[in-house]
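As you go down the protein sequences, you meet chains V, D, Y, X, P and E in turn. Per our numbering, the very first residue in the first sequence carries number 24; after that it's consecutive. Per our numbering, the very first residue in the second sequence carries number 24; after that it's consecutive. Per our numbering, the very first residue in the third sequence carries number 24; after that it's consecutive. Per our numbering, the very first residue in the fourth sequence carries number 779; after that it's consecutive. Per our numbering, the very first residue in the fifth sequence carries number 779; after that it's consecutive. Per our numbering, the very first residue in the sixth sequence carries number 779; after that it's consecutive. Here a beta-carbon is modelled for each residue, glycine too, at the ideal position from N, C-alpha and C. Note that the structure is a prediction, hence the values are computed from the model and not measured.
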Amino acid sequence: MGGITTDIKLIDEKGLRLDGRRPDELRPLKIEAGVLRRADGSAYVEWGENKVLAAVYGPRECHPRHRQNPARAIVQCNYNMASFSVSDRKRPGPDRRSQEISKIISEALEHVVFTHLFPRTSIDVYIEVLQANAGTRCAGLTAASVALADAGVPMKDLIASCAAGKVADTIILDLRKEEDNFGQADVPLGIVPRTGEIVLLQMDGDLTVEEFNTALTMATDACYRIYETQKDALRQKYCVSKDDIAGDIEEAAENIEESKKENELEQQDDVPDDQEGGQ
Amino acid sequence: MGGITTDIKLIDEKGLRLDGRRPDELRPLKIEAGVLRRADGSAYVEWGENKVLAAVYGPRECHPRHRQNPARAIVQCNYNMASFSVSDRKRPGPDRRSQEISKIISEALEHVVFTHLFPRTSIDVYIEVLQANAGTRCAGLTAASVALADAGVPMKDLIASCAAGKVADTIILDLRKEEDNFGQADVPLGIVPRTGEIVLLQMDGDLTVEEFNTALTMATDACYRIYETQKDALRQKYCVSKDDIAGDIEEAAENIEESKKENELEQQDDVPDDQEGGQ
Amino acid sequence: MGGITTDIKLIDEKGLRLDGRRPDELRPLKIEAGVLRRADGSAYVEWGENKVLAAVYGPRECHPRHRQNPARAIVQCNYNMASFSVSDRKRPGPDRRSQEISKIISEALEHVVFTHLFPRTSIDVYIEVLQANAGTRCAGLTAASVALADAGVPMKDLIASCAAGKVADTIILDLRKEEDNFGQADVPLGIVPRTGEIVLLQMDGDLTVEEFNTALTMATDACYRIYETQKDALRQKYCVSKDDIAGDIEEAAENIEESKKENELEQQDDVPDDQEGGQ
Amino acid sequence: MTSNPLSDIMREHICKLISKDQRQDDRTREEFRPLTITTGYVSSAEGSALVSLGNTKVLVGIKSIVGEPFSDTPDKGVLTTNAELKPLASENFESGPPDEESIEIARVVDRGLREGKAVDLEKLCITPGEEVWINFVDIHALDYDGNLFDAANIAAVAALRSAMIPASRFEKGEDTHFPMVHLPISATFAKIDGYLIADPCVDEENVASARLTVVTLENGNLCAMQKGLGGSFTKQEIEKAIELSVRWGQKIRSEHFSEGD
Amino acid sequence: MTSNPLSDIMREHICKLISKDQRQDDRTREEFRPLTITTGYVSSAEGSALVSLGNTKVLVGIKSIVGEPFSDTPDKGVLTTNAELKPLASENFESGPPDEESIEIARVVDRGLREGKAVDLEKLCITPGEEVWINFVDIHALDYDGNLFDAANIAAVAALRSAMIPASRFEKGEDTHFPMVHLPISATFAKIDGYLIADPCVDEENVASARLTVVTLENGNLCAMQKGLGGSFTKQEIEKAIELSVRWGQKIRSEHFSEGD
Amino acid sequence: MTSNPLSDIMREHICKLISKDQRQDDRTREEFRPLTITTGYVSSAEGSALVSLGNTKVLVGIKSIVGEPFSDTPDKGVLTTNAELKPLASENFESGPPDEESIEIARVVDRGLREGKAVDLEKLCITPGEEVWINFVDIHALDYDGNLFDAANIAAVAALRSAMIPASRFEKGEDTHFPMVHLPISATFAKIDGYLIADPCVDEENVASARLTVVTLENGNLCAMQKGLGGSFTKQEIEKAIELSVRWGQKIRSEHFSEGD
């Protein structure tokens, strides 16, 4: 957590957040599968003010060779933030934070890919954060698993990912930037929805054990909602509009813009249902 | 172009330049082939205040392996400026400028080398700029093709290279440093003299299409003069003085010093002839 | 040498040094063999205020491959100072000094290892300076040869290493930090005790030829004393306490602490004898 | 680069089409692919543009900071261009520091902007000799189907044109538009089997022997040029390329950068 | 990572033991290895601690310099954590810049110290906005037998706790103790064959499917957590791990960091 | 390093010659190759020297800038020595950052200059604690036929001796000669088959077991020494090498660096 104090009221008298969300409300989320031509699979995620692109190449010959595993494929994720994705320009190239995120996302994805089917190969996942507003690792993991499915990589299930946290002594879902900077805790989570297995988990800040459990439950419930959006994106590409596979990212951006309000309304209805279903 | 304004009069009332040259006049040029013992081929070029050394190794096994081409040799040029070759010390190691120059020189040389004779190998060309005064990429390419010939690498032809440009609204040949810094345009050119093919071409500054065509013609003509000097250097080594192949670079420097004035006189006579012959 | 002038009196009226040593007196030295579990061989050296750890891995497959020698093993030493081993924090990673030291220690060790027995392999020696007070290259080489023996690598002999130097116009043995900083010369030496061969030698500062010869003799004599301590350390591990091979580095540190005074007394008796024996 | 049966067949196919003034995607030799420009794509940037040139997609973002001028231009802001050919965009691009290909693209885009005087750098000076705007033009290739040079150039021009100097964020007054003066537009050509073709796609690039990029200004003048690859051009081919470049530049400016836009 | 007969036998052996609540070194599943802490090991450091956790040995040294604060925290000192997995410590570690494994360890230790508010950073400010103490926590793995996370965390806490700010060396007054506030203690668990085990040794790490590190404070609160490796945890397993972590933290604090210590 | 028939024959040949006090190039064991020095070779440098030692050619250039002194020597200029073993000079040299061989050469040359007090660094101070001359001694190997140590040392000394401090360029007054005090000259020896030989060429280096460099001053004192390679020397060999080094140093100084020069 930023650990910086502020006068900003992160939760108002009505219990609502800076952007008007309820504590357990997600930011608007739109996912589109298959947005890039060249990659074997791809996905675009717009989640609040986050814009994230994921591309998959492989299974393909593993370079460098000494990383090859004779028994299975390795999943190599490369998470990168564009220099202009944040307010203060980020120096190009991997920093320690992005290397850590690349590692934990790789490990999470390895859990769902049937890696033993492709010995000695590598499955390369590239996550580009084009615009960032807290929660990019969850958005990246969410996008990456859709991209893997779009690439036709055999998987047990998708991974859905979302963070919960604590601001103004309240457990809330899906922190945006100010909530992350001035908040008290952040718990990014990634799960395999079909089994409920936890494949990504980090925590930082200050939480009692009870608060942590509440956050974990809240994030888990949200993952099930995200899972539905992921499946919709794949359905959209492979069933609904089979003859319109073109979908590129500007279109995605436009589509998303248009459906944002629609989405917000939808969500307010759907979410509670999903939440119950998820538990 | 430097794009810096100046009070210096780059062309005087008589139409002459800072160093007294006419617009279409080259700086004094001397080339010596075979100046290094260890390299398979080498050449030293002194061109105005530029001092450039080129060495060739190969065809030899290509490292790293993944760069090997099973059908032909690759030409890998490495252009480097010595830290002390310029007024403000240059940090050692490749910068973006020298990487770009290395690339375009490699590509130009590939055009004349019979690369298909040496599959899987690499022909390595090292260009060291010991003293720089504008025009080093042309001097480097000119030196490199003599060094390739000296190494006995089979080639269609040499490449001759020279720049034209614009200063004080006049199209001129072979810019020196002040003309480059305070000038309006620079057009480095490399051609295959026998065929007139253009293998290196860049341009920066501001030129009308007509001015560009004039500059191109002027630089092309000069390339034919340079070609003669290149051939002389090879004749000098392999015919004229067969029993004196020693020639090292200090000697070259001395020889050059001595023959500079001679050369300047010569040039004023020869150049126009050559110019006609070249067209 | 630091070459910095000082008011500190490096040799007092009685001819004694800052820490009370006579000119030809070593700092307390303790060596323990086999202090690390994971390494194939290891040694810990505490020498004055130097604390140095050496570990050996190999003979093992040589990486990178192009370094392999088909006729023999190569010895690759990596000397490293911990960032906190010196007063001003050292930036992590190899600097030019540590690369030079790594090279000369590798070369010295190659002389005593029967490298032809292990073609194509590499024997990797890692020296970590945990706390530094001048003389770490000698301490490192001394530790490394004990670690090689502990690893069971076949060797002609150990290498013993020690520096002599000059301060206040006096030739002295085994310089500590102030003597190195404000002294006049330093001569690190490494020898093969059985044959007297010199395998490591550097010098810097200002010495007449006679002074150099005196320093060389003084350092050589000291190497024989150090050799005894090296052999004791190996005896300690393999003979004296066969059933107590555990010895880890904290214990080493404690043992050393306890026996320091003992050692100082011992030394004052033993050293002159050794010195004679060594010649 | 290597020769294999499939690429030989592809080469044959492409050459045959070109000899009939046809292309894989139903273009003539001198035709460019459809272009779309989306500015303001990234709100965290001072300016940004997502450009599609056929299937090639490039995103450019501009970021500005306050810093010191170069000592030889104390009264001018600084423009720095970087290109990253991300492995996301093609199986042929690799992670790591920029390779010579991305460096060439960055430098050619940079040369076009600089020599074409796209931006009035003097208006990017805050206090001469002390504080100026340092502006980063970061080019990200997202989807690679050939001709990154032109996609990157157009995205850079569009991003700069849409950018606001973040003066308020740095407490240097009010945000203002970037001081754009000229719109240098690049046009790239490949030489295949003796024919000059405009705007090569990746399959065409793979069989091309030479490449030529020409950057032109509103008045039809040239401001930058770059020849690449191991082949050669004749003088006539270069003249032809210049003519097409001027026409393409005018078209882009009128269709995408007209005043009201 | 690869599969070979020997590692298969080792895996079988370890799993069999664990199913009977046994370990190679006579521990139960929930038991940690013996811990020893030697502070003041390196006199050239402002503080240092050599920690043995079973056969794993980690040395942490603290160095402080005077420098500028970050612009967004002008009144706070800086704490920087680096980990070097030296090839000295294991045949699996390589020379060179920190790899992703050392980066993960450094960041998890750093997160524990930072989020657990181990050090009062405001007390490390000399002149707000101008001079603060920049403190380097350098973690050196010396002998690797698994669970560097906990060994490094404890060594870092012990080194900081024993450190003196070198004010006199920098002519900033008298040396004072580091302003320690909390003692965040980390506990790491591995999942093997469906069982959760505490403090894995290297042979156990080699067969583990997942790893979980939990950092707790004196009051039983959580301040950092990190899941690693390609396996998964259930919610129940995480609850169990938290419970054991709180207990381990209290034990370490009372046995090694009690007041008089 | 590897053994092959050709190199075995070469070794045999060289050893046989040496045993008869002969060398490939008609030298005796203790003889150095002919030396030529061309100063002022590069006009863009403050000073430069091209040195040929037999067929080995090294170019050294000096560049100076104004900068801050080191904090522990506030009243002294800075001398920095770099060596680049360019692939131009030998098929065994590689592109890229300096390898351990170039680092060793740079450091031994540097040690000779520094310990031999070649330059009066106090005269390179402009304003104590604030501004001093930072001087770069850049060594470029151009043609490699062994013994770069001595060629580089002599080129560095000659370049410094011929250099002018570029005070006018930096508006710090008039240009003056570099404040040379001493001329430390290095002599390098190889041990082949038990014999000590002076100034090895590359074929001799390839079969040498050990190398010794000795740097001496005008008064016959020693200022630096470096033993290299996996072989050893006896005390007697070192004494012999010192004696020859002193003689070589005097010869170089009188033939190439006499007052009028």
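- Tyr819(X) is not a Cβ neighbour of Ser830(X), given a cutoff of 8 Å.
- With 16 or more neighbouring CB atoms inside 10 Å of its own CB, Asp209(V) falls in the buried class.
- Of the candidates Ile182(D), Gly116(D), Thr193(D) and Pro82(D), the residue whose Cα lies closest to the Cα of Asp916(E) is Gly116(D).
- When the Cα atoms are used, Tyr922(P) and Leu49(Y) turn out to be separated by approximately 34 Å.
- Using a C-beta cut-off of 8 Å, the segment 100-110 of chain V makes contact with the segment 150-167 of chain V, since at least three inter-stretch Cβ pairs fall below that distance.
- In summary, no residue of the segment 139-156 of chain D has a CB separated from any CB of chain X by less than 7 Å.
- Beta-carbon to beta-carbon, Leu920(X) and Val836(X) are separated by about 7 Å, close enough to satisfy the 8 Å threshold.
- Your pair Glu878(E) and Leu863(E) does not check out as a contact, with CB atoms roughly 11 Å apart and the cut at 8 Å.
- Taking a Cβ-Cβ threshold of 8 Å, none of the residues of chain Y is close to Ser987(P); the smallest such distance is about 23 Å.
- Taking a C-beta cut-off of 9 Å against chain E, the contacting residues of the segment 55-66 of chain D are Val58, Leu59, Arg60, Arg61, Ala62, Asp63 and Ser65, listed in chain order.
- Annotation: Trp1026(E) to Asp192(Y) spans about 27 Å, alpha carbon to alpha carbon.
- Think of a sphere of 8 Å around the beta carbon of Thr231(Y): the chain E residues whose beta carbon falls inside it are Gly998, Asn999 and Leu1000, in chain order.
- When rounded, the separation of the alpha-carbon atoms in Thr859(E) and Leu899(E) is 14 Å.
- With its beta carbon less than 8 Å from one in chain V, Ile881(P) belongs to the interface.
- Boundaries of the beta strand (DSSP E) around Ile843(E): Thr834 to Gly845.
- Taken through DSSP and simplified to helix, strand or coil, Ala78(Y) comes out as strand.
- Taking a contact to require three or more Cβ pairs closer than 8 Å, the segment 219-233 of chain Y and the segment 1006-1015 of chain E qualify as touching.
- Under the three-state reduction of DSSP output, Asp898(X) falls in the coil class, being neither helix nor strand.
- Secondary structure at Ser1010(E): coil, using DSSP grouped into helix, strand and coil.
- Non-local beta-carbon contacts of Thr817(P) in its own chain, meaning distances under 6 Å to residues more than five positions away in sequence, involve Ala827, Ala936 and Ser940 in chain order.
- Fewer than three Cβ pairs drawn from the segment 121-137 of chain D and the segment 47-62 of chain D lie within less than 8 Å of each other, which leaves the two stretches out of contact.
- Straight-line spacing of the CA atoms in Ala933(P) and Phe948(P) works out to 26 Å.
- Inter-residue distance for Leu891(X) and Cys903(X) is about 18 Å (C-alpha atoms, whole angstroms).
- Of all residues in the segment 906-923 of chain E, those with a C-beta nearer than 9 Å to a C-beta of chain D are Phe914, Asp916, His918, Leu920, Asp921, Tyr922 and Asp923, reading in chain order.
- Around the C-beta of Gly206(D), 16 or more other C-beta atoms lie within 10 Å, and the residue is accordingly described as buried.
- In this chain, Gly972(P) is not harboured by any alpha helix (DSSP H), its DSSP state being neither H nor E.
- Per DSSP, reduced to three states, the secondary structure at Thr966(X) is strand.
- For the 8 Å CB-CB criterion, Lys189(Y) and Glu234(Y) form a contact.
- Distance between Asp227(V) and Glu201(V), taken at the CA atoms: about 16 Å.
- Shown in chain order are the members of the segment 843-874 of chain X whose Cβ falls below 7 Å from a Cβ of chain V: Ile843, Asn860, Glu862, Lys864, Pro865, Leu866, Ala867, Ser868, Glu869 and Ser873.
- With distances taken between CA atoms, Lys950(P) lies nearest to Ile843(P) out of Ile843(P), Leu1007(P) and Lys1005(P).
- The C-beta distance from Met958(P) to Val910(P) rounds to 17 Å, too long to fall under 8 Å, and the pair is not in contact.
- With contacts defined by Cβ atoms closer than 8 Å, Ile943(X) and Phe956(X) form a contacting pair.
- Taking the Cα positions, Asn925(E) is about 9 Å away from Phe967(E).
- At least one CB of chain E lies nearer than 8 Å to the CB of His134(Y).
- No Cβ-Cβ contact shorter than 8 Å links Leu257(D) with Pro216(D).
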